[in-house]
Amino acid sequence: MIMALESVLVRDGLLTAEQVKDLQGSGVGARLDKAAMERGWLTEDQVLQCLGDEFGLDVIDLRKITIDRDILTRFPTKTIFRHELLPLYRENGHVVVAISDAFELDVVDELSTASGISLKPVLARQREISDRIKEHLGVGGDTINEMVRQQESEDDAEYLQKLDHEMGELAESAQAPSVIRLVNELLIEAVEQRASDVHIEPIERGLTIRFRVDGILQIQPVPSEINQFASAIVTRLKIMSRLNIAEKRLPQDGRINLRVAGKAIDLRVSVIPMVFGEGIVLRLLDKDRMVFNLKNVNMPPDMDKKFRQLIDLPHGIVLVTGPTGSGKSTTLYSALKEIQSPEVKIITVEDPVEYQTPGLSQIQVHHKVGLTFAAGLRSILRHDPDVILIGEIRDHETAESAIQASLTGHLVFSTLHTNDAPGAITRLIDMKIESYLVASTVEGVLAQRLVRKLCKHCRKPVDREHDDFPPDFREILAKHPDVEFYKPVGCRECRESGYSGRIGVFELMLNDPILKEMTVQRKSTVELRKYVLTTGMMTLRECGWQRVLNGITSVEEVLRVSKTE
-9 MIMALESVLV RDGLLTAEQV KDLQGSGVGA RLDKAAMERG WLTEDQVLQC LGDEFGLDVI
51 DLRKITIDRD ILTRFPTKTI FRHELLPLYR ENGHVVVAIS DAFELDVVDE LSTASGISLK
111 PVLARQREIS DRIKEHLGVG GDTINEMVRQ QESEDDAEYL QKLDHEMGEL AESAQAPSVI
171 RLVNELLIEA VEQRASDVHI EPIERGLTIR FRVDGILQIQ PVPSEINQFA SAIVTRLKIM
231 SRLNIAEKRL PQDGRINLRV AGKAIDLRVS VIPMVFGEGI VLRLLDKDRM VFNLKNVNMP
291 PDMDKKFRQL IDLPHGIVLV TGPTGSGKST TLYSALKEIQ SPEVKIITVE DPVEYQTPGL
351 SQIQVHHKVG LTFAAGLRSI LRHDPDVILI GEIRDHETAE SAIQASLTGH LVFSTLHTND
411 APGAITRLID MKIESYLVAS TVEGVLAQRL VRKLCKHCRK PVDREHDDFP PDFREILAKH
471 PDVEFYKPVG CRECRESGYS GRIGVFELML NDPILKEMTV QRKSTVELRK YVLTTGMMTL
531 RECGWQRVLN GITSVEEVLR VSKTE
């Protein structure tokens, strides 16, 4: 006879009688074991093993199981997705089915009766079951199958691609509950995977969906039937972004505000016509996760001290450089938060305004009506700001306006796309800014990249004797013979990637009299870099090696984002 859940948990020493009483008296709606897991008193593995022993069920590691796809196709996807159970393989006349909740054995019985197949349940982690279902059936597989069935059952149904001439009907099709649910499932999956971008790309015979997670693009498994609904997906996203669904020849940009799993998510949407259809990239900004604090930027201590002195200057230009997605905006907003006070007026001009921040006066660039970076800068100077943030210096007009703003007593922050810090000087001169003006206004340049952080649950020490390291890292290792560093492995916690989260690597170049003179003389980037290295500037690569020796990232990550001197 099966004992009461609380008795089982107390008997096995997983909870005390006092903890059970506390949970029962707190009025939580969740089941006792689930409430205990939410409080961190139990792990899922402990619960699975306990209930497995009580119900006589094996507990398996799904990562080590090869799933028989032929067996999988014999069961309705609707039941698999809805109840999160996964048929695995045939064994001794039974089909082994993974479930995550021992109290839902009745679902297994129902499936066995409906299919006429004898089933043997086993227990596995809920997230692993969910991941393997998506791996084999695709994200939104159940929704897509339902849409295909609906399409086949309608005698007068047409593929959405044929409805382009009737935009009202196309919009109506894109607003169908099944299409809405499919798009929502894609977005929820992106949020759950902590993706920063979603790429929906048309190819010759279908659609490819990729998520950028920790800076790396990963193809998402989706059912091949999704190709029939590519037009509906694009149209649905256009409607959500308030874009023109009839315009398929020109690029469009929009924005979507969502709440997913209680989180406020801001999506920047870019639609571009391509050879085989319209491609969409969604940039996901998780407002709840964005805490702007210079301490969280995690610069090396000495560099952090110098950067704080730089942003406290009364006037001048401070530049942050790096490629798209290298964390420049986060660094700049963190710097603004550091100097923000009732006595300081801060105005930003951005395209687009990425993070709406209380206490800052933020202006959205609008090219169609003539509100460019340069035009916005000219106007805001009449609003008596102390500090100005320019989203990006892209051209001569914007660069000249930034220079003039700094010369009139303002501290100006902005970004540039250059490979390193010295390159920012020559880039401004290439934009036809007089070299003496660059020398007298640019106070410092911070270059940065993002590297993935090693998963603390599975990282493994590196064997110094057998691994092949680049020469500059071998030199550093010779100075630290006893320091242990690590390489990625992959586990449940990091979804087998070996990494979880990202951290910056930086180089900070401060202007000094010699550098100013070299700038006036229009010295090359190579010459400027040679000089600043003699002043002791830590390079991006050196900062990366420091992260490696601290056990934060791997050698491969540093090699991915930097090059040798």
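Numbering-wise (this note's numbering), the sequence shown opens with residue -9 and increments by one. Backbone N, C-alpha and C fix where the C-beta goes; we use that ideal spot for every residue, glycine too. Note that this is a predicted model, so its numbers are computed, not measured.
Say whether chain B places a C-beta atom closer than 9 Å to the C-beta of residue i.
| i | result |
| --- | --- |
| Cys448 | You won't find chain B in this structure, because it holds only one protein chain. |
Using a Cβ-based criterion (distance less than 8 Å to any ligand heavy atom), does residue i qualify as near the ligand ADP?
| i | result |
| --- | --- |
| Leu436 | Among the ligands in the structure shown, none appear at all, so the ligand ADP cannot be discussed. |
Which residues does DSSP list as the beta-bridge partners of residue i?
| i | result |
| --- | --- |
| Asn409 | According to DSSP, which records beta bridges pairwise, Asn409 is partnered with nothing at all. |
| His84 | Glu81 |
| Arg245 | Arg258 |
| Ile415 | Paired residues: none, contrary to the question. |
| Pro451 | Tyr476 |
| Val402 | Ile307 and Ile378 |
| Lys124 | BP columns for Lys124 are empty, so no partner. |
| Met264 | Gly267 |
| Tyr489 | Leu444 |
| Lys253 | Val250 |
| Leu76 | Ala88 |
Leaving aside the five residues before and after residue i along the sequence, list all residues of the same chain whose C-beta is less than 7 Å from its C-beta, in chain order.
| i | result |
| --- | --- |
| Ser317 | Position check: residue 317 holds Gly in this sequence, whereas Ser was assumed. The residues are Gln438, Leu440 and Gly494. |
| Met508 | Glu517, Leu518 and Tyr521 |
| Gly480 | Cys448, Glu486, Ser487 and Gly488 |
| Ser143 | Here Ser143 scores only 42 on pLDDT, less than 50, and its place in the model should not be relied on; the value that follows carries that caveat. Cβ within range, chain order: n/a, list empty. |
| Phe417 | Note that residue 417 is Arg in the sequence shown, not Phe. Taken in chain order, the residues that qualify are Leu406 and Thr408. |
| Asp276 | Lys253 and Ile255 |
| Phe266 | Pro192, Ile193 and Glu194 |
| Tyr323 | Phe282, Tyr345 and Thr347 |
Which residues in the same chain as residue i place their Cβ atom closer than 8 Å to its Cβ, once the five residues preceding and following it in sequence are excluded?
| i | result |
| --- | --- |
| Ile123 | Ile70, Phe71, Glu74, Leu76 and Gly131 |
| Thr56 | Tyr79 |
| Val573 | Since the first residue of the chain shown is -9 and the last is 555, residue 573 is not available in this structure. |
| Arg195 | Asn217 |
| Val0 | Thr6, Ala7 and Val10 |
| Glu483 | Cys445, His447, Cys448 and Ser490 |
| Leu530 | Asp410, Ala437, Gln438, Arg439, Val495, Phe496, Glu497, Val551 and Ser552 |
May I ask which residues mark the beginning and end of the alpha helix (DSSP H) holding residue i?
| i | result |
| --- | --- |
| Gly534 | Leu530 to Leu539 |
| Thr67 | Thr67 to His73 |
| Pro111 | That residue, Pro111, is in no alpha helix (DSSP H); its beta strand (DSSP E) goes Leu109 to Leu113. |
| Asp458 | Segment: none, Asp458 is in no alpha helix (DSSP H) and carries neither H nor E. |
| Glu424 | Where Glu424 is concerned, there is no enclosing alpha helix (DSSP H), given that its DSSP letter is neither H nor E. |
| Ala389 | His386 to Leu397 |
| Asn286 | Leu284 to Val287 |
| Thr321 | Lys318 to Ile329 |
| Phe93 | Note, Phe93: premise wrong, no alpha helix (DSSP H); not H, not E. |
| Glu546 | Val545 to Val551 |
| Arg239 | Taken as a continuous stretch (DSSP letters only), Arg239 belongs to no alpha helix (DSSP H), as it is neither H nor E. |
| Pro291 | Pro291 to Ile301 |
| Ser231 | Careful: Ser231 lies outside any alpha helix (DSSP H) and carries neither H nor E. |
| Arg1 | Leu(-5) to Arg1 |
Quick one: give me the first and last residue of the beta strand (DSSP E) that residue i is part of.
| i | result |
| --- | --- |
| Thr268 | The sequence given here places Glu at residue 268; Thr does not occur at that position. Glu268 -> beta strand (DSSP E) spans Gly267 to Asp276. |
| Lys443 | Val432 to Leu444 |
| Ile307 | Gly306 to Thr311 |
Counting only the same chain and skipping the five closest in sequence on each side, list residues whose C-beta sits under 6 Å from that of residue i.
| i | result |
| --- | --- |
| Arg384 | none |
| Thr388 | Phe363 and Ala364 |
| Val138 | For Val138, the predicted structure reports a pLDDT of 46, less than 50, and the residue's modelled location is therefore unreliable. A value from the coordinates is still provided. Hits under 6 Å: Glu215. |
| Glu382 | Thr405 |
| Gly42 | Val49 and Leu113 |
At which residue ranges does the segment 331 to 382 contain complete beta strand (DSSP E) runs of 3 or more residues, listed in the order of the chain?
336 to 340, 351 to 354 and 377 to 380
Report the start-end ranges of each beta strand (DSSP E) in the segment 173 to 224 that is 3 residues or longer and not cut off at the edges.
185 to 193, 196 to 203 and 206 to 209
Decide yes or no for the touch test of the segment 432 to 439 against the segment 405 to 416: beta carbon pairs closer than 8 Å, at least 3 of them.
Touching, yes, given that three or more Cβ pairs across the two stretches are closer than 8 Å.
Could you tell me which whole alpha helix (DSSP H) segments of length 4 or greater appear in the segment 491 to 524?
503 to 510 and 515 to 524
Determine, using beta-carbon pairs with one atom in the segment 382 to 395 and one in the segment 362 to 372, whether at least three such pairs fall under 8 Å.
yes
Given 8 Å as the limit, is there contact between the segment 462 to 476 and the segment 530 to 539, that is, 3 or more CB pairs closer than that?
yes
Would the segment 315 to 330 and the segment 284 to 302 be scored as touching if the rule is three or more Cβ pairs under 8 Å?
yes
Answer yes if the segment 261 to 275 comes into contact with the segment 228 to 241, meaning at least three C-beta pairs across the two stretches below 8 Å, and no otherwise.
Counting Cβ pairs under 8 Å, three or more are found: they touch.
For a minimum of 4 consecutive residues, which ranges assigned as the alpha helix (DSSP H) are wholly contained in the segment 8 to 71?
22 to 28, 34 to 45 and 59 to 62
Determine contact between the segment 241 to 253 and the segment 189 to 208, defined as no fewer than three beta-carbon pairs at a distance below 8 Å.
Contact fails between the segment 241 to 253 and the segment 189 to 208, because fewer than three Cβ pairs, one in each stretch, are under 8 Å apart.
Do the segment 171 to 189 and the segment 468 to 480 make contact, defined as three or more Cβ pairs closer than 8 Å?
no
Stretch pair the segment 291 to 301 + the segment 343 to 353: three plus CB contacts closer than 8 Å
no
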